[in-house]
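Okay, structure first, notes after.
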Amino acid sequence: MKKFALTAFASAAILGLAACGDSNDASEDAMADNVEMPAEDAMADAALPEADAGATSDAAVDAAAEPADTTAADAADAAEDAAADAAAAAEAATEAAEEGM
């Protein structure tokens, strides 16, 4: 019975608080306040971005057709060597731990 009374009181309190909020302006329902409103106001006068004419030229296509830089292959080889070294160190640590048992 106490839980029922507590639930009824909590419901009445919630409904009472909900009834306190009043708005006579219909536009307030349409626009919720959030953190984006100041950002939208700041960007209202900003110009729209324009397309870069150089981005669609043939030079961009020719540059993309050039072979990849060899430093990427060197970096991949170095990463592979580092991974092999780490695997060898892990295997050595595992063997040392097994011998210690």
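Residues -18 to -1, 1 to 83 in mature numbering (1 follows the signal peptide of the UniProt record, and there is no 0) are what the sequence shown lists, from first letter to last. Built from N, CA and C at the ideal position, the CB exists for glycine as well. The structure presented is a predicted model; accordingly, all values stated were derived computationally and were not measured.
Residue i lies in the alpha helix (DSSP H); which residues open and close that run?
{"i": "A(-6)", "result": "K(-17) to C2"}
Rounded to whole angstroms, what is the Cα-Cα separation between residue i and residue j?
{"i": "A37", "j": "L30", "result": "17 Å"}
{"i": "E81", "j": "D63", "result": "27 Å"}
{"i": "A(-14)", "j": "A(-7)", "result": "11 Å"}
{"i": "A71", "j": "A58", "result": "20 Å"}
{"i": "M83", "j": "T76", "result": "11 Å"}
Does the ligand COA have even one heavy atom less than 7 Å from the beta-carbon of residue i?
{"i": "E81", "result": "Judged by which ligands are present, the structure shown has none, so any question about the ligand COA falls away."}
Tell me which same chain residues have a C-beta within less than 8 Å of the C-beta of residue i, skipping the five on either side of it?
{"i": "A60", "result": "none"}
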